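If you read the sequences in order, they're chains A and B. Count the first sequence with numbering that gives the first Met the number 0 and you get residues 0 to 262, in order. Count the second sequence with numbering that gives the first Met the number 0 and you get residues 0 to 469, in order. Note that the Cβ used here is the ideal one computed from N, Cα and C, for glycine as well. All figures in this text were calculated on a predicted structure; none of them were measured in a lab.
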Amino acid sequence: MSTSLSIKDLQVSIDDKLILKGLNLEVKPGEVHAIMGPNGSGKSTTAYALAGHPAYEVEGGEVWMDGVNLLELSPDERAQMGLFLCFQYPTAIPGISMANFLRTSYNAVKGEEGEDGKKKPIPIAEFRKKLLEKMDLLKMDKSFARRYLNEGFSGGEKKRAEILQMTLLEPKVAILDETDSGLDIDALKIVSEGVNSMLSPERAFIVITHYQRILDYIKPDYVHIMYNGQIILSGGPELALRLEDEGYDNILKSIPQNGNGGN
Amino acid sequence: MAATVDVNLDDYKYGFSVPENYAFKAEKGLSERIVKQISEMKNEPGWMTDFRLRGYKHFMERPMPQWGGQGMLNTINFDDIYYYIKPVGADKAFESWDDVPEDIKNTFDRLGIPEAEQKFLAGVGAQYESEVIYHSIIKDLEAKGVLFLDMDASLREHPEIVKEYFGTVIPPEDNKFAALNTSVWSGGSFIYVPPGVHIDLPLQAYFRINAQNMGQFERTLIIVDEGAYVHYVEGCTAPTYSTDSLHSAVVEIIVKENGRCRYSTIQNWSHNVYNLVTKRAQAYKNATMEWVDGNLGSKLTMKYPAVWLMEDGAHGEVLSIAFAGKGQVQDAGGKIVHAAPNTSSVITSKSISKGGGRTTYRGLIKVAPDATNSKSNVLCDALILDDESASDTFPYIEIENSNVSIGHEASVSKVSEEQLFYLMSRGIEEDTASNMIVSGFIEPIVKELPMEYALEMNRLIEMEMEGSVG
Ligand SMILES: Nc1ncnc2c1ncn2[C@@H]1O[C@H](COP(=O)(O)OP(=O)(O)OP(=O)(O)O)[C@@H](O)[C@H]1O
Ligand SMILES: [Mg+2]
C-alpha cells in the first residue's frame, strides 16, 4: 500500500537552534498514529514544520506526501494537497467571521477547478447547509459562525473550532496537536466522535497528546515516543498504557541507545 | 463625441480622462480678478462676492501650515492650477442623465453613478470640474420639503437660507485652505431636511476632476432640522496625471435638536491630487453627528472632520479609515469640541500603510469649562504592512473641566506572521490571506456603512493592496 506521509531523517531548527534531529515516520492511509513525548521534545515543531511555518527552517531530510515533495510547497499548497493541522494554540483574527473564513478556506481546498483553471466557489446556501450540519455534529452553537475567527473563544471552543475546520476540509492527513488539552470531559467525547466519524481507509491521523485518555476514544494503530527531537520508541496502543504506568524516565532508561545525544 | 482616452488603467481603474470640452476655463493661477470673475459669471449677490474676497485676502496672507504633510504642501505650485473650469452645457444642473453632455455622462456611467442611483439612492448630485452637471432627488422627498440642490442653485433659489448659514460653521478666515475654498468655491451640495423628516436612503454626491492641473473647490452646506435624519455620501475620483491637481472643499453642517446626520466619504482621488479639506458640524441639543471618512486615494490628504457639541446631550462620532500606499501621505483624524454639558463623542481611526506610504492620526478632543459630565473615547489603530511604511499618532487633548471621562487607546501593529500562517495553513493563498487580515482590521468601521458602500470599500482596499497605484 502507498504511504500518506513519509518523513525521512527530518532536521528542523528555529532561530538557529536545532530542534528536530532526524525524525523518521511512515504513515499509511487509514492509520492512526499517536505521538507522545515530554514537553519541549519537538512534537509541535514537527507539526509546524510539516504544515510549512516559515519560522521553522528545514536543515535536512525529506517529507513526501502522495509522492510529492512536501517541503517544496507553501503552506497553502500543502493544505490544498490535503494536509491539515489542528493547532495547539489557534490564532485569533479579529474582524473576519468564522463563516467567511471557513468558506474561503473551503473554496481554496475543496473548490473544483472550472474550465478556466480557476476554482469554482461553492454556492453560499449550499455551504451554509454543510457548515450547520458539521456544527451540529460538534454541538457548536450556530452563533459561532458569525463570531470573529477564534477571537475571544475559550480554550475548548478553539479546539472545537479546529475540529470543525477539519471536518469541513476532509483532509488526507490530519495532525492533531494536543487537541485534547483544554477540553472538558463531554467536549473530549464530542470532539473524539467528530474525529472518529472521519476515520476512513483513505485518511490518516497523527494525534499528538500527553494523555492516554483521548486514545481511549481515538484508537491508535501505532504509538511513538518522541524525545529530544527524535522518535526513540514505537509500538502499538499498549505503549501508551505502559507510559502511563511507568512514566518517561523509566521508559527512557530501558532504551539502550538513549542518552548518547540522540543520533 | 471623441472616444475616451485611457491614461493609466493599470491599478487605479478611475484614472481615465476624456478630451477637454469647456465653455469657460479661467487662466491658470489665482488673483483677485479671477475671484471677481467667478462671482460675476455666477451672477452672485454682493455679499457673496465680499465673502469670496475676504477668503482670498486671508488665503494670500496666511503662511503655509508647517505641520502635517508640510513637505508635500510646500511643493504645491498655486500658480499652476486652474481655479475654475466650466464644462460645456453646465449652465445649470440637469435633472435627467439624457440631457447631460455625452462625454460627461459616459464618464459617470463608467463610475457607476446612474446605476447606483436607480438601485439604492434617494438623490444624486454629480459635479464635473467646477460645476454640478446633474442633480436629482426622488419626488416624494421633494414633496416633504427636502431641498437637495447644488450649492450654486441654492444661492440662486434660496438666498435667504444660504445667507443665514453660509460660513457660520467655518468662517472664511478659519484656515488657509478654507479661505482658498471661500474665494473660489463652485459647486457642492446644499441640503435642507425639514423637521421630523427621515430620509431612509442615502443622498449621494460624486465629484469628478477631468482636466489636468485642475483645482476643485466645492462647497457643501447641510442643515438637518429638528428630529430629522439624513445620510449623505460623497465619492470622488480623478484621472492620473503626472502633474498635480488640488481639491480643497469646505463642508458645513448644522444638526438641530434631536436631529441626526451621517456623512460618509469614500475618497479615492488619483495619486496626483492634493486633498486639503475642512469639514465641521455643529450638533445641538441631543443631536447626533457622525462622520465616516474613508481616505484611500490622493497624494496628500489633510482632513480632520470636526464636531462641535453645542448643547446638552449632543453626540459626535468620527470613524476614519486611511490607506496610504507608495508615495502617499494620509494625515487624517478628527476633532471634537465639547462645548456643553452631558455631551459624548467617539473617534475610531484605523489606518493601513503599505509600500512606503505614511499614515498619521491627528486628533483633538477639547472640553470647554462648562462641559460637565462629558465623555469621550478615542481609539486609533495602525496596521503597517512592510518595513518601508510608517505611521504616527498625534492625539491632542485639551480639558478645562475636571468632571469628564476621556479614554484613549492607540495601537500600531504589523500583519502578524502567525495570522498569515494560520490562514495559509487552511489553503488560503498569501495575497488573499493578507487581504483578509486587512479587511478584518477595518471591519469595525466598514460594518457601519450601507452594504453597497461596505462592498465598495472592501473592493477598493483590495485594489490598493494589489499594487501601488500609479
Ligand atoms: N520560536 C522559538 N524560538 C526558540 N525556541 C523554540 C521556539 N519554538 C520552539 N522552541 C523550542 O523548541 C523545543 C521544542 O518545542 P515544541 O513546541 O516542539 O515542543 P512540544 O513537544 O510540542 O512540547 P509541549 O508538549 O510542551 O507542547 C522547545 O525547547 C522550545 O522551547
Ligand atoms: Mg506542543
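Host alpha helix (DSSP H) of residue i (start-end)
i: glutamate 279 of chain A; result: Here chain A covers residues 0 to 262 and nothing more, so residue 279 of chain A does not appear.
i: arginine 207 of chain B; result: Per DSSP, arginine 207 of chain B belongs to no alpha helix (DSSP H); it is in the beta strand (DSSP E), 202-207.
i: glycine 124 of chain B; result: No alpha helix (DSSP H) holds glycine 124 of chain B; the beta strand (DSSP E) holding it covers 122-127.
i: methionine 63 of chain B; result: That residue, methionine 63 of chain B, is in no alpha helix (DSSP H); it is neither H nor E in DSSP.
i: lysine 194 of chain A; result: The amino acid occupying residue 194 of chain A in the given sequence is valine; lysine does not appear at that position. Looking at the DSSP string, the run of the alpha helix (DSSP H) that includes valine 194 of chain A is 184-195.
i: glutamate 461 of chain B; result: 450-465
i: aspartate 149 of chain B; result: Aspartate 149 of chain B -> not in any alpha helix (DSSP H); beta strand (DSSP E) instead, spanning 146-149.
i: serine 12 of chain A; result: Run containing serine 12 of chain A: none in the alpha helix (DSSP H); it sits in the beta strand (DSSP E), 4-13.
i: leucine 72 of chain B; result: 69-72
i: glycine 155 of chain A; result: 154-168
Contacts of residue i in chain B (Cβ-Cβ under 7 Å)
i: leucine 263 of chain A; result: Residue coverage of chain A in this structure runs from 0 to 262, which leaves residue 263 of chain A outside it and unanswerable.
i: proline 93 of chain A; result: Gly439
i: threonine 90 of chain A; result: Glu417, Gln418 and Tyr421
i: valine 11 of chain A; result: By Cβ distance, chain B contributes nothing, its closest Cβ being about 15 Å from valine 11 of chain A, past 7 Å.
i: serine 3 of chain A; result: By Cβ distance, chain B contributes nothing, its closest Cβ being about 18 Å from serine 3 of chain A, past 7 Å.
i: serine 273 of chain A; result: What the structure shows of chain A is the stretch from 0 to 262, and residue 273 of chain A is not part of that stretch, so it cannot be assessed.
Own chain partners of residue i with C-beta closer than 7 Å, once the 5 adjacent residues on each side are dropped
i: glutamine 229 of chain A; result: Lys20, Gly21, Leu22 and Gly261
i: leucine 8 of chain B; result: Low per-residue confidence applies at leucine 8 of chain B: pLDDT is 38, beneath 50, and the placement is therefore not dependable, though the value from the model is reported in the following sentence. Gly14 and Phe15.
i: tyrosine 55 of chain B; result: Glu31, Val34 and Ser182
i: serine 12 of chain A; result: Ile18, Glu56 and Glu58
i: aspartate 78 of chain B; result: Lys27 and Gly28
i: glycine 36 of chain A; result: Lys42, Ile224, Met225 and Tyr226
Unbroken beta strand (DSSP E) run spanning residue i, endpoints
i: glutamate 408 of chain B; result: 403-413
i: threonine 45 of chain A; result: No beta strand (DSSP E) holds threonine 45 of chain A; the alpha helix (DSSP H) holding it covers 42-50.
i: aspartate 102 of chain B; result: Element bounds for aspartate 102 of chain B: not the beta strand (DSSP E) but the alpha helix (DSSP H), 101-109.
i: glutamine 266 of chain B; result: 259-266
i: leucine 179 of chain B; result: Here leucine 179 of chain B belongs to no beta strand (DSSP E); instead the alpha helix (DSSP H) covers 175-183.
i: proline 86 of chain B; result: 84-86
i: leucine 378 of chain B; result: 373-383
i: lysine 24 of chain B; result: 21-24
i: arginine 218 of chain B; result: 218-223
Same chain, Cβ closer than 6 Å to residue i, neighbours up to 5 away in sequence not counted
i: aspartate 220 of chain A; result: Glu30 and Val31
i: asparagine 149 of chain A; result: Pro89, Ala91 and Lys157
i: alanine 2 of chain B; result: Any reading at alanine 2 of chain B needs caution, since the residue's pLDDT is 39, under 50, leaving its predicted position unreliable; the model's value is listed next. Correct list: empty, nothing qualifies.
i: phenylalanine 107 of chain B; result: Ala125
i: glycine 67 of chain B; result: Met301 and Asp330
i: leucine 281 of chain A; result: Chain A is shown only over 0 to 262; residue 281 of chain A falls outside these bounds and no answer can be derived.
i: lysine 143 of chain B; result: Val196
i: threonine 2 of chain A; result: Glu25 and Lys27
Chain-ordered chain B contacts of residue i [CB-CB under 8 Å]
i: glutamine 164 of chain A; result: Arg425
Closer than 7 Å: residue i CB and nearest ligand 3 heavy atom
i: glutamate 243 of chain A; result: What this structure holds is ligand 1 and ligand 2, not ligand 3.
Contact list for residue i against chain A, beta-carbon separation under 9 Å
i: isoleucine 383 of chain B; result: Those do not exist, as isoleucine 383 of chain B stays about 16 Å from chain A at its closest Cβ, beyond 9 Å.
i: glutamate 429 of chain B; result: Ser73, Pro74 and Asp75
8 Å CB neighbourhood of residue i in its chain, flanking five on each side removed
i: valine 4 of chain B; result: Note that valine 4 of chain B has pLDDT 41, beneath the 50 cutoff, so the model's placement of it is unreliable and no number is given.
i: asparagine 68 of chain A; result: Glu61 and Val62
i: serine 96 of chain A; result: Ala144, Arg145, Arg146, Tyr147 and Leu148
Residue i: contacting residues in chain A (beta-carbon distance under 8 Å)
i: isoleucine 190 of chain B; result: Here the premise fails: no neighbours, minimum Cβ distance about 33 Å.
Beta-carbon neighbours of residue i, restricted to chain A and to distances below 7 Å
i: isoleucine 436 of chain B; result: Ile92
At least three beta-carbon pairs within less than 8 Å, the region 173-190 of chain A to the region 140-155 of chain A: yes
Residues within the region 67-78 of chain A neighbouring chain B, beta-carbon criterion of under 8 Å: Ser73, Pro74, Asp75, Arg77 and Ala78
Contact list for the region 439-464 of chain B against chain A, Cβ threshold 8 Å: Gly439, Phe440, Ile441, Glu442 and Pro443
Three CB pairs or more closer than 8 Å across the region 346-360 of chain B and the region 368-383 of chain B: yes
Members of the region 405-422 of chain B that neighbour chain A once the beta carbon cut-off is set at 9 Å: Ser415, Glu416, Glu417, Gln418, Leu419, Phe420, Tyr421 and Leu422
Meets three-Cβ-pair contact criterion under 8 Å: the region 130-138 of chain B and the region 231-245 of chain B: no
Members of the region 214-247 of chain B near chain A, C-beta cut-off 8 Å: none
Any 3 or more C-beta pairs closer than 8 Å across the region 252-265 of chain B and the region 207-224 of chain B: yes
Meets three-Cβ-pair contact criterion under 8 Å: the region 284-304 of chain B and the region 320-335 of chain B: yes
Members of the region 35-55 of chain A that neighbour chain B once the beta carbon cut-off is set at 9 Å: Tyr47, Ala50, Gly51, His52, Pro53 and Ala54
Contact list for the region 280-298 of chain B against chain A, Cβ threshold 9 Å: none
Validate contact between the region 40-49 of chain B and the region 241-255 of chain A using beta carbons, cut 8 Å, 3 pairs: no
Chain B contacts from the region 195-206 of chain A (Cβ-Cβ distance under 8 Å): none
Segment contact, 8 Å Cβ cut-off, at least three pairs: the region 40-52 of chain A with the region 102-121 of chain A: no
Under 8 Å (Cβ pairs) to chain B, residues found in the region 103-134 of chain A: Thr103, Ser104, Ala107 and Val108
Meets three-Cβ-pair contact criterion under 8 Å: the region 168-185 of chain B and the region 267-281 of chain B: yes
Inter-stretch contact (C-beta, 8 Å, three-pair minimum) for the region 426-434 of chain B and the region 71-89 of chain A: yes
Cβ pair count under 8 Å reaching 3, the region 146-157 of chain B against the region 185-201 of chain B: yes
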